[in-house]
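First comes the structure, then the notes that go with it.
Number of protein chains: 2
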Amino acid sequence: MAAKPRSASKRSQRTKLPPMQEASSEPPLSRERIVAIAVELLDAQGIDGLTMRRLADRLGSGVMSLYWHVDNKEDVFDLALDSVLEYRASPETGESPDWRGDVVHMLENWRARMLRHPWSASLLPRRALGPNILSRLEMLSKTLSRAGVADADLNAAIWSLWNYVMGATLTRASFDLSEEDRAAAQQRLTRLSEHYPTIERSRLLLDNDWDGTFRKGLDFLLDGLSPR
Amino acid sequence: MAAKPRSASKRSQRTKLPPMQEASSEPPLSRERIVAIAVELLDAQGIDGLTMRRLADRLGSGVMSLYWHVDNKEDVFDLALDSVLEYRASPETGESPDWRGDVVHMLENWRARMLRHPWSASLLPRRALGPNILSRLEMLSKTLSRAGVADADLNAAIWSLWNYVMGATLTRASFDLSEEDRAAAQQRLTRLSEHYPTIERSRLLLDNDWDGTFRKGLDFLLDGLSPR
DNA sequence: CATCGTATGGTACGTCGTACTAGTCAAGCG
DNA sequence: CGCTTGACTAGTACGACGTACCATACGATG
Numbered sequence: 134m135a136a137k138p139r140s141a142s143k144r145s146q147r148t149k150l151p152p153m154q155e156a157s158s159e160p161p162l163s164r165e166r167i168v169a170i171a172v173e174l175l176d177a178q179g180i181d182g183l184t185m186r187r188l189a190d191r192l193g194s195g196v197m198s199l200y201w202h203v204d205n206k207e208d209v210f211d212l213a214l215d216s217v218l219e220y221r222a223s224p225e226t227g228e229s230p231d232w233r234g235d236v237v238h239m240l241e242n243w244r245a246r247m248l249r250h251p252w253s254a255s256l257l258p259r260r261a262l263g264p265n266i267l268s269r270l271e272m273l274s275k276t277l278s279r280a281g282v283a284d285a286d287l288n289a290a291i292w293s294l295w296n297y298v299m300g301a302t303l304t305r306a307s308f309d310l311s312e313e314d315r316a317a318a319q320q321r322l323t324r325l326s327e328h329y330p331t332i333e334r335s336r337l338l339l340d341n342d343w344d345g346t347f348r349k350g351l352d353f354l355l356d357g358l359s360p361r
Numbered sequence: 134m135a136a137k138p139r140s141a142s143k144r145s146q147r148t149k150l151p152p153m154q155e156a157s158s159e160p161p162l163s164r165e166r167i168v169a170i171a172v173e174l175l176d177a178q179g180i181d182g183l184t185m186r187r188l189a190d191r192l193g194s195g196v197m198s199l200y201w202h203v204d205n206k207e208d209v210f211d212l213a214l215d216s217v218l219e220y221r222a223s224p225e226t227g228e229s230p231d232w233r234g235d236v237v238h239m240l241e242n243w244r245a246r247m248l249r250h251p252w253s254a255s256l257l258p259r260r261a262l263g264p265n266i267l268s269r270l271e272m273l274s275k276t277l278s279r280a281g282v283a284d285a286d287l288n289a290a291i292w293s294l295w296n297y298v299m300g301a302t303l304t305r306a307s308f309d310l311s312e313e314d315r316a317a318a319q320q321r322l323t324r325l326s327e328h329y330p331t332i333e334r335s336r337l338l339l340d341n342d343w344d345g346t347f348r349k350g351l352d353f354l355l356d357g358l359s360p361r
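Residue numbers (the working numbering), protein chains in the order written: chain G, 134 to 361; chain S, 134 to 361.
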């Protein structure tokens, strides 16, 4: 019951940072450096590869020093995730007549960023919405509204697109494992082909054209969304 | 590089089970009992609430006894997940003229089942496809094909629906947290309303009609998918 | 009786997140 | 100058985890 304080960690506000820099040794710890290395670790070793000890090692610091800058490990995950989802909309996005192109561009960028850091896909659903995610939703909302989607349909439209991108990215990130896994999957499927004749025939699980499939499905959805 | 054997665990094939039952004490361990209790634990305590020690406690057994029936903890997750996604298609599903109704029914059942066990949503993307998932995909495939979706579009159509359901369920499962979280989110959003005017205005994050939104988005998608 | 496959569980190891505590160092102040 | 204070670093230690290894028990079979 007790409300978690979700404390904003007690690190300094960095009001002034004196120009003193130690020449060759490690730079001082900072939230930014911690997050950057955390992302590196996650990219290289996956979600279980990130441990506070390893993180400290890479940073050349003691483990407990991290906790000055960061509340706990969950905090590291949150920060790493949001840092990966940055989005700078091109300035003319607000005005372009090609709303559909704008939407597709943003969503494909979103997907691409997450796939570049596959751990982010499986992390996102468990985390709060960071500022970068919110600003993407804001952009979606504005664009769709401008395109003429009825107010009553707007939220459903946004969520549909969000859901689609989430699902597609998650699926892609988890399917695209190793060669051995892929081989094992194929073998298992053909062994079971009697039970699943239709998906076996259409080679559903072996289709490698992820990008094309993503785009095609997105077009289906946008077709359905377009104001008539 | 070494291929994980993914060993089919060494538990007995249960060719004969002798009728000897110990009257009042614990029934013997079995894969089924382990999975059932694991699901109970996951439902009650969430994903981190499942530990091998707790599982053994609830089963009245020693921790290491579990490992006779189960390869490791990952195996428990896989089994628990698949056990939750069972689907018995009604027999007439293959023939009904209302293909759209059939699809909606199956997908809503899928979503409902996952929401009844919210951990399953965040687990699924990281796991292999169990038989119950495959049979749902098979049903989808057959129905869409019968409905006239072109072969070239079939896989994209299936994945679109899959992606949509995955995304929607994951989002719903992770958003629907506690009261305090909901309150905190609302507060945070209004504080930031200057940055996100559109989604603030449409109350995107406060909309509670999950079921309706799901259905509406699904209709959008099916509109786009329907053969013209 | 001896042997063997099935099944159980105790002990112990290495790893994890992090609470607690003590330390260093620079800036500010008398 | 010495003293205090606050920002920051880090060692030690604790409890919990997954599970390898090993010893055991029991019914069936020889």
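We put the beta carbon where it would ideally sit given N, CA and C, even for glycine. Please read all numbers here as calculations on a predicted model, not as lab measurements.
For residue j and residue i, the rounded distance between their alpha carbons
i, j, result
"Ala289 (chain G)", "Met197 (chain S)", "49 Å"
"Asp235 (chain S)", "Arg166 (chain S)", "33 Å"
"Ser157 (chain G)", "Ser194 (chain G)", "Summary for Ser157 (chain G): the model assigns pLDDT 41, below 50, so the residue's position carries little reliability; its value from the coordinates is reported in the next sentence. Those two C-alpha atoms are separated by around 15 Å."
"Gly281 (chain G)", "Leu287 (chain G)", "9 Å"
"Thr331 (chain S)", "Asp340 (chain S)", "14 Å"
"Ser307 (chain G)", "Leu256 (chain G)", "12 Å"
"Phe353 (chain G)", "Val237 (chain G)", "12 Å"
"Tyr329 (chain S)", "Tyr297 (chain S)", "25 Å"
"Leu162 (chain G)", "Leu199 (chain G)", "8 Å"
"Asp190 (chain S)", "Arg259 (chain G)", "28 Å"
"Asp369 (chain G)", "Trp201 (chain G)", "Limits of chain G in this structure are 134 at one end and 361 at the other, which puts residue 369 (chain G) out of reach."
"Val168 (chain S)", "Arg233 (chain S)", "34 Å"
"Gln154 (chain G)", "Leu192 (chain G)", "Residue confidence is low: Gln154 (chain G) scores 39 on pLDDT, short of 50, so the model does not pin down where it sits. Its coordinate-derived value is still stated next. Looking at the two C-alpha atoms, the distance is approximately 17 Å."
"Leu337 (chain G)", "Leu273 (chain S)", "12 Å"
"Leu355 (chain S)", "Leu358 (chain G)", "10 Å"
"Arg246 (chain S)", "Pro160 (chain G)", "51 Å"
"Pro254 (chain S)", "Ala283 (chain S)", "The amino acid occupying residue 254 (chain S) in the given sequence is Ala; Pro does not appear at that position. Spanning the two alpha carbons is a distance of roughly 30 Å."
"Ser268 (chain S)", "Leu351 (chain G)", "25 Å"
"Leu212 (chain G)", "Ile170 (chain G)", "11 Å"
"Pro360 (chain S)", "Ser335 (chain G)", "18 Å"
"Asp231 (chain G)", "Leu188 (chain S)", "56 Å"
"Thr323 (chain S)", "Glu327 (chain G)", "55 Å"
"Glu173 (chain G)", "Ser278 (chain G)", "38 Å"
"Gly182 (chain G)", "Ala285 (chain G)", "44 Å"
"Leu248 (chain G)", "Leu248 (chain S)", "26 Å"
"Leu325 (chain S)", "Glu333 (chain G)", "49 Å"
"Asp208 (chain S)", "Asp208 (chain G)", "29 Å"
"Ile180 (chain S)", "Asn242 (chain G)", "31 Å"
Chain S residues whose Cβ lies nearer than 8 Å to that of residue i
i, result
"Met299 (chain G)", "Asn296, Met299, Gly300, Leu303 and Thr304"
"Thr346 (chain G)", "Asn288, Ala289 and Trp292"
"Asp356 (chain G)", "Asp356 and Gly357"
Nearest-angstrom beta carbon gap, residue j and residue i [assumed within contact, 8 Å]
i, j, result
"Leu214 (chain S)", "Leu294 (chain S)", "In fact, because the Cβ distance is near 20 Å, the residues do not count as touching under 8 Å."
"Met299 (chain S)", "Thr304 (chain G)", "7 Å"
"Arg164 (chain G)", "Val203 (chain G)", "7 Å"
"Thr302 (chain G)", "Arg244 (chain G)", "5 Å"
Amino acids of chain S, ordered along the chain, whose beta-carbon sits closer than 7 Å to that of residue i
i, result
"Thr331 (chain G)", "Glu271, Ser274, Lys275 and Ser278"
"Pro251 (chain G)", "Neighbours of Pro251 (chain G) on chain S: none; closest Cβ ~10 Å, over 7 Å."
Residues that residue i contacts on chain G, provided the C-beta gap is smaller than 7 Å
i, result
"Ile266 (chain S)", "Simply none; closest approach about 10 Å."
"Asp340 (chain S)", "Asn288"
"Gly350 (chain S)", "Ala289, Trp292, Ser293 and Asn296"
"Arg259 (chain S)", "Ser255 and Ser307"
Nearest candidate by alpha-carbon position, reference residue i, set the options
i, options, result
"Met185 (chain G)", "G:Pro251, G:Asn242 and G:Asn205", "G:Asn205"
"Trp343 (chain G)", "S:Ser335, S:Ser326, S:Trp292 and S:Ser359", "S:Trp292"
"Arg221 (chain G)", "G:Arg321, G:Asn265, G:Thr276 and G:Glu327", "G:Asn265"
"Trp252 (chain S)", "S:Gly350, S:Glu333 and S:Gln178", "S:Gln178"
"Thr276 (chain S)", "S:Ser229, S:Glu219, S:Glu333 and S:Leu351", "S:Ser229"
"Gly263 (chain S)", "G:Glu333, G:Arg279, G:Arg321 and G:Arg249", "G:Arg321"
"His250 (chain G)", "G:Phe210, G:Arg324 and G:Glu271", "G:Phe210"
"Glu219 (chain G)", "G:Leu325, G:Glu333, G:Leu270 and G:Ile180", "G:Leu270"
Closer than 9 Å at the beta carbon, the chain G residues around residue i
i, result
"Ser335 (chain S)", "Ser274, Ser278, Asp284, Leu287, Asn288 and Ile291"
Chain S residues whose Cβ lies nearer than 9 Å to that of residue i
i, result
"Phe210 (chain G)", "Going along chain S, no residue has its Cβ under 9 Å from Phe210 (chain G), so there is no contact; the nearest lies around 13 Å."
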